[in-house]
Ligand code: ADP
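Numbering (full-length UniProt numbering), first residue to last: 1 to 322.
What follows is the structure in structure tokens.
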């Protein structure tokens, strides 16, 4: 592949650190003598030809910003063959040789389709959910986790003055990583994740046991995909006879300045994407394993590497909150 000009886009749900990733792709590419175009609004902008050349200054002062300055979109048209044909046409019109897609597994599916059409594409994992196959961590997860943890700590402060049970719902429709790690770091009594159905009676028993030994308050973390926090709160209130408050953290978990860990990860991944393109690789996704950058085939990533949660850590939450 004769690489002269690449493009970069952010797609699907936005995540803190996407800006740092776009900056890294852009700066590394320019450092290597390439030209870089930014695509606005994800695959939608690709279909519409909403591309602009990025220079060193275009990505200045964004490393610390949440969201994505390229904006993101969900694009139903890209799911159609006609839509994708239009996108490839635009890429050709702008003389783009390769594309870097930053997004979640839906965005990876789009990148896979472009690869099938013969267009060199690299995927970077950008999502707060940490549920992308082929990587230990995704860009945005650490920030969302710390935002959730900060909220849990604040709720715990007020909880100390009342005998109450707090049920806190965090994001994660299919993946319980935010719930698991914020629950472990926040000293929760119990966590509920979509990957492991939990017996609510066991949770109630644990809370009652805590109350009996004089615990002032209990915290239960529920991933949004594990059930309704409202209903779980009601049930706990009934069965423990303790006052119960439900808090749904919601979209604050998507925002905010990326943590150092996310900025470092985004910078490494963005630069690595350019490196493997220069090596002539395409149809790959970038990951981190044991603190090493690595890449794997996009088909393999999507089809054979289902994201799993560390069940031992769930047990640890329960063991440490007796
Ligand atoms: P995320 O990337 O955060 O998982 P989505 O699932 O919404 O977010 O995917 C982002 C976009 O990727 C979609 O709006 C669509 O344009 C594209 N996409 C998702 N799945 C496919 C698919 N199977 N084929 C082609 N494009 C897809």
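All C-beta atoms in this analysis are idealised placements derived from N, C-alpha and C, irrespective of residue type, glycine included.
Taking 6 angstroms as the cut-off, does the CB of residue i come closer than this to any heavy atom belonging to ligand 1?
i	result
residue 140	no
residue 283	no
residue 174	no
residue 105	yes
residue 11	yes
residue 94	no
residue 270	no
Would you list the residues sitting across from residue i in a DSSP beta bridge?
i	result
residue 169	222, 248
residue 39	51
Let me know the secondary structure DSSP gives residue i once reduced to three states.
i	result
residue 77	helix
residue 64	coil
residue 118	coil
residue 160	coil
residue 191	strand
residue 147	helix
residue 183	helix
residue 138	coil
residue 124	strand
residue 152	helix
Leaving aside the five residues before and after residue i along the sequence, list all residues of the same chain whose C-beta is less than 7 angstroms from its C-beta, in chain order.
i	result
residue 63	19, 20, 23, 263
residue 185	149
residue 278	3, 32
residue 133	301, 302, 305, 306, 307
residue 195	176, 309
Which residues in the same chain as residue i place their Cβ atom closer than 8 angstroms to its Cβ, once the five residues preceding and following it in sequence are excluded?
i	result
residue 318	190, 206
residue 253	128, 144, 147, 148, 170, 171, 178
What's the gap between the Cα of residue i and the Cα of residue j?
i	j	result
residue 295	residue 157	43 angstroms
residue 200	residue 181	20 angstroms
residue 230	residue 241	16 angstroms
residue 311	residue 192	12 angstroms
residue 41	residue 104	15 angstroms
residue 321	residue 155	17 angstroms
Closer than 6 angstroms by C-beta to residue i: which residues in its own chain qualify, once you throw out the five before and the five after it? Chain order, please.
i	result
residue 99	7, 121
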